[in-house]
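**Q** Handing you a structure now.
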Amino acid sequence: FYERLLSGLGGGEPTRQYEAFLKAEVDFRNATNALRLARSGADIDPAAYFIEGGELFTRGSLARLARNLDELVEYIADSQYGDELGPALRELEEADSLIAFEHATDAALLAYGDRLGTIHPVSITPIISYILAKEREVENIRAIARGKEAGLSADEIESELVIT
C-alpha cells in the first residue's frame, strides 16, 4: 500500500512534504510493529512485518532491533523522531503496555499532518490532516462509548483517548 503511494510522486515542495509525511507514517508503523514483537518475545521473523518506504529502519535493522527491546528503544530515541516520542519511550520502559507509545505515535502523526496542512494550504496535506483528525475523532468517540458501557471512570476513559 505505502509503496504504491510513494512511487511516482512528482516534484515540488508540497509533494516533498507529503512524501515526508508518508515516510513518517511508515516509520511509526514499523516502530510499533517492532516494539510489539520485541515485547512479545515470540519467535517471529520481524522482516515479515516490515513496511517498505520509511527512513528509520531497513529490513535488516528492524529484524536485528526487534530482538532487543532496550536497543530498539534507544535507536528510536536517537532518531529524528526522538523528540516527539521521547516521553512515550520513557513511559514504555516503565510500563507493561504499548498503548501509551501507540497513542504518542498517533498524536505525533496528527501534529505533523497539522503542521504540513498550514505550511502548504493549497495541497493534499490539509486533506490528509483533516482525514486523520476525523479518523482519530471517531476512534475517540468509540473509546468513550465502550468505556461508558464497561462502567469505566472518566479518568480511565480519558487515558484511552488520543488528544493533540
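According to the numbering used here, the sequence shown is numbered sequentially starting from 1155.
Yeah, the Cβ is synthetic: ideal placement off N, Cα and C, and Gly gets one too.
So T1290 packs on D1260, CB below 8 Å; how close in whole Å?
**A** For the sequence presented, residue 1290 should be read as Arg rather than Thr. The pair is a contact, with the Cβ atoms about 7 Å apart (cut-off 8 Å).
**Q** Taking the alpha-carbon of S1313 as reference, which of P1280, A1258, Y1266, L1226 has the nearest alpha-carbon?
**A** Nearest of P1280, A1258, Y1266, L1226 to S1313, Cα basis: A1258.
**Q** Beta-carbon separation of R1183 and I1205 under 8 Å?
**A** Yes; because the gap between Cβ atoms is below 8 Å, this pair is in contact.
**Q** In the region 1252 to 1277, which residue ranges form an unbroken alpha helix (DSSP H) of at least 4 residues, counting only runs that do not cross its ends?
**A** With a minimum length of 4 residues, the continuous alpha helix (DSSP H) runs that stay inside the region 1252 to 1277 are 1253 to 1273.
**Q** So D1197 is in the alpha helix (DSSP H); what residue range does that whole segment cover?
**A** From DSSP, D1197 is part of no alpha helix (DSSP H); its letter is neither H nor E.
**Q** In the structure shown, what three-state DSSP assignment does D1284 receive?
**A** Note that residue 1284 corresponds to Tyr in the displayed sequence, not to Asp. Correct three-state label for Y1284: helix.
**Q** Just the Cα atoms here: how many angstroms apart are A1278 and A1287?
**A** According to the sequence as given, residue 1278 is Ile; it is not Ala. When rounded, the distance between both Cα atoms is 14 Å.
**Q** For Y1284, which residues of its own chain have a beta-carbon under 8 Å away from its beta-carbon, when the five flanking residues on both sides are left out?
**A** Cβ within range, chain order: G1271.
**Q** Could you spell out the range, first to last residue, of the alpha helix (DSSP H) harbouring V1316?
**A** Note, V1316: premise wrong, no alpha helix (DSSP H); not H, not E.
**Q** What does a CB cutoff of less than 7 Å around L1240 pick up in its chain, not counting 5 residues either side in sequence?
**A** According to the sequence as given, residue 1240 is Gly; it is not Leu. Answer for G1240: A1231, listed in chain order.
**Q** Report yes if the C-beta distance between E1245 and A1254 is below 8 Å; otherwise report no.
**A** Yes, the Cβ-Cβ distance between E1245 and A1254 is below 8 Å.
**Q** Mind checking whether L1315 and N1294 have CB atoms under 8 Å apart?
**A** The answer is yes: Cβ separation under 8 Å.
**Q** Tell me which residue opens and which closes the alpha helix (DSSP H) that G1236 is part of.
**A** Segment 1236 to 1248, the alpha helix (DSSP H) holding G1236.
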